[in-house]
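Q:
Protein chains: 2
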Amino acid sequence: MEQSTSEKILDVAQSLVVAGGYNGFSYADISAAVGIHKASIHHHFPTKAELVSVLVGRYVRQAQEGLRSLRQQVSDPAEQLDAYVGYWQKCVLDDAEPFCVCAMLASEIQLLPDAVAAQVRAHFRNLGEWLATVLETGEEQGSFRLSASPEEEAQMLMASVHGALLSARAFGDAKLFFAIVSPQLAKLRT
Amino acid sequence: MEQSTSEKILDVAQSLVVAGGYNGFSYADISAAVGIHKASIHHHFPTKAELVSVLVGRYVRQAQEGLRSLRQQVSDPAEQLDAYVGYWQKCVLDDAEPFCVCAMLASEIQLLPDAVAAQVRAHFRNLGEWLATVLETGEEQGSFRLSASPEEEAQMLMASVHGALLSARAFGDAKLFFAIVSPQLAKLRT
DNA sequence: ACATCTCATCCTACTAGAAGGTAGGCGGAC
DNA sequence: GTCCGCCTACCTTCTAGTAGGATGAGATGT
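Protein sequences, first through last, are from chains Y and W. The first sequence: position 96 = 95 (numbering that gives the first Met the number 0), numbered continuously. The second sequence: position 134 = 133 (numbering that gives the first Met the number 0), numbered continuously.
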């Protein structure tokens with residue numbers, strides 16, 4: 000797998016952001032992990048704000064693409080939801096990337112560069128719309144019984160997932176994620 | 000209102016932690032807000048780790064005391080839950096302290112001093128137990144219909160609240176908090 | 001074929017400022 | 001008098017960011 004230095008930097012930076020947020024890492028950390036000198040990182044990404052902005056842009060794009068193709072490859076809305084939740088469960092269990100980059104950054108949104116904050120908001124909006132569409136379709140097909148509008152139920156589900164990621168992280172208990180989200184999904188099913 | 004310098008420092012530090020987490024503020028920030036020199040803060044709190052530890056200790060203690068007295072003063076479990084959620088709704092609407100200190104710190108728990116991390120976990124545990132007790136009592140009295148064990152439902156509710164706080168912050172929309180949590184509570188009611 | 005031109009990458013070496021933290025002194029209250 | 005709170009002055013380390021040079025590969029000119 001050929002991977003450019005820029006991509007290595009982005010990958011390392013992403014895992015550092017997931018671990019500790021925008022102010023939780025420095026160019027020195029990236030430098031150590033990638034095996035490149037600090038100044039070389041500035042060659043690829045002149046400022047930290049720009050690095051994180053590119054990073055989040057890539058993340059948002061990948062997420063959007065993932066959700067889009069998920070809806071194309073899986074037809075049943077219930078299975079689409081399972082796949083979405085399953086993705087996070089896998090991340091938490093593997094302890095690979097056990098938190099959403101945008102959820103992490105959202106918590107410190109007041110301190111973020113404006114461009115990054117806007118990207119984070121856009122991701123939340125995208126995800127909310129995707130979930131709302133899935134829920135609405137599922138309701139029409141009779142697989143879900145919603146007790147509120149698709150948009151509201153989507154926001155509730157999103158909050159559950161992010162809250163569950165947080166709880167799992169706080170307790171250091173990966174299984175907790177599924178224990179929280181799974182019954183939440185069950186309540187939606189008819 | 001007589002307020003000691005230590006308490007002023009703790010208050011300012013708490014609002015800074017809520018805004019940007021452990022790595023999102025410095026002694027210089029506190030210094031500017033309190034009107035005291037940087038070194039004077041070290042007189043009260045020798046290290047940043049200690050400052051935050053005291054801060055979180057105070058927060059956890061206040062929270063525990065609040066929940067305890069809430070259960071004493073309000074007898075109906077449904078009202079207890081409303082009061083708990085209402086507390087956060089008020090915080091979000093006032094934009095005063097629109098996030099839980101421990102939820103904020105939990106997201107960056109991997110980088111926290113061990114002592115602080117332990118306190119954060121303890122608060123999550125306390126809150127979970129309190130919610131579980133309230134839910135269990137409510138179920139016995141017939142005010143709630145739980146679709147899982149009280150402990151699991153408590154974790155779900157906790158995740159909803161924290162996720163809702165995050166969403167409200169991300170979108171900069173205070174009303175969103177109630178829009179997410181309120182239907183969640185409604186689902187519990189018989 | 002060869003020289004060279006250009007460009008991207010990465011390096012060494014550096015800066016200014018902010019970070020957390022220390023040492024020691026001043027002044028007022030008990 | 002001595003202890004507490006706060007100050008001035010300082011230190012070290014880390015921060016993001018800069019300047020400029022070495023290397024090497026690809027394109028271009030002759």
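All residues carry an ideal CB built from backbone N, CA and C; glycine is no exception.
For a cutoff of 8 Å on Cβ pairs, would you count residue 18 of chain Y as touching chain W?
A: So yes, residue 18 of chain Y belongs to the interface.
Q: Taking all protein chains shown into account, do 16 or more other C-beta atoms lie within 10 angstroms of the C-beta of residue 45 of chain Y, making it buried, or fewer, making it exposed?
A: By the 10 Å Cβ count, residue 45 of chain Y comes out exposed.
Q: Whole angstroms is fine: what's the gap from residue 166 of chain W's alpha carbon to residue 128 of chain W's?
A: Those two C-alpha atoms are separated by around 24 Å.
Q: Where does residue 44 of chain W sit, in a helix, a strand or coil, going by DSSP?
A: It is coil, neither helix nor strand.
Q: In the stretch 50-65 of chain Y, which residues sit with their C-beta less than 8 Å from some C-beta in chain W, listed in chain order?
A: Answer in chain order: no residues at all.
Q: With a threshold of 8 Å between beta carbons, is residue 22 of chain Y in contact with chain W?
A: Answer yes: the Cβ-Cβ gap between residue 22 of chain Y and chain W drops below 8 Å somewhere.
Q: As a quick exercise: from Y/39, Y/76, Y/11, Y/30, pick the residue whose alpha carbon is nearest that of residue 138 of chain Y.
A: For residue 138 of chain Y, the nearest C-alpha among the options comes from Y/76.
Q: Provide the residue span of the alpha helix (DSSP H) that contains residue 125 of chain W, from first to last.
A: Where residue 125 of chain W is concerned, the enclosing alpha helix (DSSP H) stretches over 113-140.
Q: Beta-carbon of residue 147 of chain W versus every beta-carbon of chain Y: anything under 8 Å?
A: So, interface residue.
Q: One question on the structure: do residue 162 of chain Y and residue 161 of chain W come within less than 8 Å of each other, judged by their Cβ atoms?
A: Yes, these two residues count as a Cβ contact at 8 Å.
Q: Cα-Cα, which of W/153, W/164, W/179 is closest to residue 182 of chain Y?
A: Ranking the options by Cα distance to residue 182 of chain Y, first place goes to W/153.
Q: Any idea what DSSP makes of residue 188 of chain W, helix, strand or coil?
A: Three-state result, residue 188 of chain W: strand.
Q: Quick test of your reading: residue 51 of chain W and residue 21 of chain W, contact by CB under 8 Å. State the CB separation rounded to the nearest angstrom.
A: Right, their Cβ atoms sit about 6 Å apart.
Q: Evaluate residue 141 of chain Y with the Cβ neighbour count: other Cβ atoms within 10 Å of its Cβ, from every protein chain shown; 16 or more gives buried, anything less gives exposed.
A: Classification for residue 141 of chain Y: exposed.
Q: Using a C-beta cutoff of 8 Å, does residue 36 of chain Y count as contacting chain W?
A: No, residue 36 of chain Y lies away from the interface with chain W (no Cβ there is under 8 Å from its Cβ).
Q: Indicate the three-state DSSP secondary structure (helix, strand or coil) for residue 170 of chain W in the structure shown.
A: Three-state DSSP puts residue 170 of chain W in a helix.
Q: Which of helix, strand or coil does DSSP assign to residue 143 of chain Y?
A: Reduced to three states, the DSSP call for residue 143 of chain Y is strand.
Q: Between the beta-carbon of residue 54 of chain W and the beta-carbon of residue 16 of chain W, is there less than 8 Å?
A: Yes.
Q: Just checking: is the beta-carbon of residue 182 of chain Y within a distance shorter than 8 Å of some beta-carbon in chain W?
A: Yes, residue 182 of chain Y counts as interfacial toward chain W.
Q: With a cut-off of 8 Å, does the C-beta of residue 186 of chain W fall near any C-beta of chain Y?
A: So, interface residue.
Q: Exposed or buried, which one is residue 31 of chain W when buried takes at least 16 other CB atoms within 10 Å?
A: Label assigned to residue 31 of chain W: exposed.
Q: Does any CB atom of chain Y fall closer than 8 Å to the CB of residue 88 of chain W?
A: No, residue 88 of chain W does not count as interfacial toward chain Y.
Q: Counting contacts by CB-CB distance shorter than 8 Å, is residue 138 of chain Y in contact with chain W?
A: False, the Cβ-Cβ gap to chain W never drops below 8 Å.
Q: If contact means a Cβ-Cβ distance below 7 Å, which residues of the stretch 112-140 of chain W contact chain Y?
A: So the close ones are 119, 120, 123.
Q: Residue 83 of chain W lies in the alpha helix (DSSP H); which residues open and close that run?
A: Looking at the DSSP string, the run of the alpha helix (DSSP H) that includes residue 83 of chain W is 76-93.
Q: Could you say which of W/185, W/106, W/111 lies nearest to residue 145 of chain Y if we only look at CA atoms?
A: Of W/185, W/106, W/111, the residue nearest in Cα terms is W/185.
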